[in-house]
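Data first, discussion second: the structure below is written as structure tokens.
This is the structure we're talking about:
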């Protein structure tokens, strides 16, 4: 309920900001989006040091690369120092979900022609209305100022990788045609837990994909177990198409 409330508060605030912009700025929101460029590592590194000048040393649990990885790592360090890792993760995905629900908001944060001061004001007002933590607010303002809000989905996913590693969790994605019954989900989770071993905790995520026709596909720790009817049918088709070697008969 709290998450839904925050998401509901984000969109109306953004709409008010949008309406307050001059007529000359409004068309910018409708322009085609440009291809993303690599994020500036110096910005994320400076954010990590500027957010909290404490001497407490924080080590990221995973080495992430690329612009999104650098930003996520910087946010992780700041969140750990502020003892607000879970809260920051929730707030970050609240914003991602809000962008997915509103096409206008999504285009706004991705449009490179929107002035930096407009982006900063919008994010400041949104974070205040949603009662985001100072860590999240400061981070989003930095992204807004340097035109990096368009990477928010990628940054959020990278940040989740860090929080899961911090908690000793392993994400497993199971794809089926229909949702697994509770008992089957429990059995699958226990099986994966045995495979992964002690010291790690399985976090199961279900995806529905009717195109696999039946069975299931399990992905975890860079492993893929495809037991779908679709894949079995393709394998059978390839087998039937192979020429028969009479010498082996």
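Numbering (my numbering), first residue to last: 1051 to 1299.
For every residue, glycine included, the Cβ atom is placed at its ideal position computed from N, Cα and C.
If you count every other CB in all the chains shown that lies within 10 Å of the CB of residue i, and 16 or more means buried, which is it?
{"i": "residue 1106", "result": "exposed"}
{"i": "residue 1167", "result": "exposed"}
{"i": "residue 1200", "result": "buried"}
{"i": "residue 1144", "result": "buried"}
{"i": "residue 1181", "result": "exposed"}
{"i": "residue 1284", "result": "exposed"}
{"i": "residue 1153", "result": "exposed"}
{"i": "residue 1274", "result": "exposed"}
{"i": "residue 1043", "result": "There is no way to answer for residue 1043, as the model of the chain reaches only from 1051 to 1299."}
Rounded to whole angstroms, what is the Cα-Cα separation between residue i and residue j?
{"i": "residue 1279", "j": "residue 1264", "result": "5 angstroms"}
{"i": "residue 1213", "j": "residue 1288", "result": "43 angstroms"}
{"i": "residue 1192", "j": "residue 1159", "result": "13 angstroms"}
{"i": "residue 1146", "j": "residue 1139", "result": "11 angstroms"}
{"i": "residue 1156", "j": "residue 1208", "result": "19 angstroms"}
{"i": "residue 1114", "j": "residue 1122", "result": "8 angstroms"}
{"i": "residue 1161", "j": "residue 1198", "result": "10 angstroms"}
{"i": "residue 1177", "j": "residue 1281", "result": "46 angstroms"}
{"i": "residue 1127", "j": "residue 1292", "result": "56 angstroms"}
{"i": "residue 1151", "j": "residue 1252", "result": "29 angstroms"}
For residue i, which residues does DSSP report across the bridge?
{"i": "residue 1256", "result": "1224"}
{"i": "residue 1276", "result": "1267"}
{"i": "residue 1219", "result": "1251"}
Going by beta-carbon coordinates alone, are residue i and residue j separated by less than 7 angstroms?
{"i": "residue 1164", "j": "residue 1129", "result": "no"}
{"i": "residue 1142", "j": "residue 1206", "result": "yes"}
{"i": "residue 1183", "j": "residue 1134", "result": "yes"}
{"i": "residue 1215", "j": "residue 1112", "result": "yes"}
{"i": "residue 1246", "j": "residue 1224", "result": "no"}
{"i": "residue 1270", "j": "residue 1222", "result": "yes"}
{"i": "residue 1290", "j": "residue 1277", "result": "no"}
{"i": "residue 1131", "j": "residue 1108", "result": "yes"}
- Query: Would you call the segment 1171 to 1182 and the segment 1113 to 1120 touching, i.e. three or more CB-CB distances under 8 angstroms?
  - Reply: no
- Message: Quick test of the definition: if touching needs 3 or more C-beta pairs under 8 angstroms, does the segment 1220 to 1229 touch the segment 1253 to 1267?
- Response: yes
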